[in-house]
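Trainee:
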Amino acid sequence: GDIPALISMAILHYLTDEPVFMANPSSVDINQNEIILAHCTLPLNMPDEFYLKTHFESGLGVGIKGVIGEGEATIFKLSRDGKEYFVSGGEIIENLNCENLCRTQIRFRMNEGVKYFLQNSLGNHHLICKGDYSKLVREFFKW
-3 GDIPALISMA
7 ILHYLTDEPV
17 FMANPSSVDI
27 NQNEIILAHC
37 TLPLNMPDEF
47 YLKTHFESGL
57 GVGIKGVIGE
67 GEATIFKLSR
77 DGKEYFVSGG
87 EIIENLNCEN
97 LCRTQIRFRM
107 NEGVKYFLQN
117 SLGNHHLICK
127 GDYSKLVREF
137 FKW
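Using our numbering, read the sequence shown as starting at -3 and increasing by one per residue.
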């Protein structure tokens, strides 16, 4: 859920001072070690540009279509009980415009194995920030 995602978001922002995008895994490419992540919300100080669209699932209200700059990034998720976490550095390699996904969509090439999302994912909502802070997150959890 949303509570572990909120805590994950707070930790990632605290450690990096970067805006954090919460997104759902939408598609996994094992051969390229890539994942497509999407959501209809994101902090407005994160994308290079953004557009107001409708919310994807309902077609109502406002959803944000952001264009996030390509480059190094971190994906992170803390488990519900706080005893486990997943973190990987990687690279945002593309912004997508698929009609069948939430509005902001990125293709992310992970440094860690993308099979995590198919075999032992800690949940749906994962947190992404620009810059590879995976080592910093691991250091934080050594405490």
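Quick reminder that beta carbons are idealized off the backbone N, C-alpha and C, glycines included. Note that the coordinates shown come from a computational prediction; the quantities given were computed from them, not determined experimentally.
Whose C-alpha, out of Asp128, Arg99 and Gly65, is nearest the C-alpha of His9?
Mentor: Numbered from 1 along the sequence shown, position 13 holds the residue referred to as residue 9. Comparing Cα positions, the closest option is Asp128.
Trainee: My assumption, with CB atoms under 8 Å, is that Pro21 sits in contact with Ser75. Please give the rounded CB distance.
Mentor: As a working mapping, residue 21 is identified with position 25 in the sequence shown. As a working mapping, residue 75 is identified with position 79 in the sequence shown. Not a contact, Cβ separation roughly 16 Å.
Trainee: Could you spell out where the alpha helix (DSSP H) holding Ile(-1) opens and where it closes?
Mentor: In the sequence shown, the residue the question calls residue -1 occupies position 3. Its alpha helix (DSSP H) spans residues Asp(-2) to Thr12.
Trainee: Only counting the same chain, and skipping five residues up and downstream in sequence, which positions put a Cβ closer than 8 Å to that of Leu118?
Mentor: Position 122 of the sequence shown holds residue 118. Answer for Leu118: Pro0, Lys73, Leu74, Ser75, Arg76, Glu80, Tyr81 and Phe82, listed in chain order.
Trainee: Rank Ser84, Cys36 and Thr100 by C-alpha distance to the C-alpha of Asn91 and give the top, closest one.
Mentor: Along the sequence shown, one-based indexing puts residue 91 at 95. Asn91 has its Cα closest to that of Thr100, out of Ser84, Cys36 and Thr100.
Trainee: Taking DSSP as the reference, what is the three-state secondary structure of Glu135?
Mentor: On the sequence shown, position 139 is the one that residue 135 refers to. DSSP places Glu135 in helix when its eight states are reduced to three.
Trainee: Just confirm the distance between the C-beta atoms of Ile89 and Glu66, as a whole number of angstroms; I'd bet it's less than 8 Å.
Mentor: One-based indexing of the sequence shown puts residue 89 at position 93. One-based indexing of the sequence shown puts residue 66 at position 70. 6 Å between Cβ atoms; contact.
Trainee: Give the DSSP-derived three-state secondary structure of Phe52 in the structure shown.
Mentor: Working through the sequence shown from its first residue, we reach residue 52 at position 56. Of the three classes helix, strand and coil, the one that applies to Phe52 here is coil, per DSSP.
Trainee: Rounded C-beta distance between Glu30 and Phe104? I'm assuming under 8 Å.
Mentor: Indexing the sequence shown from 1 puts residue 30 at position 34. Indexing the sequence shown from 1 puts residue 104 at position 108. Correct: roughly 6 Å between the Cβ atoms.
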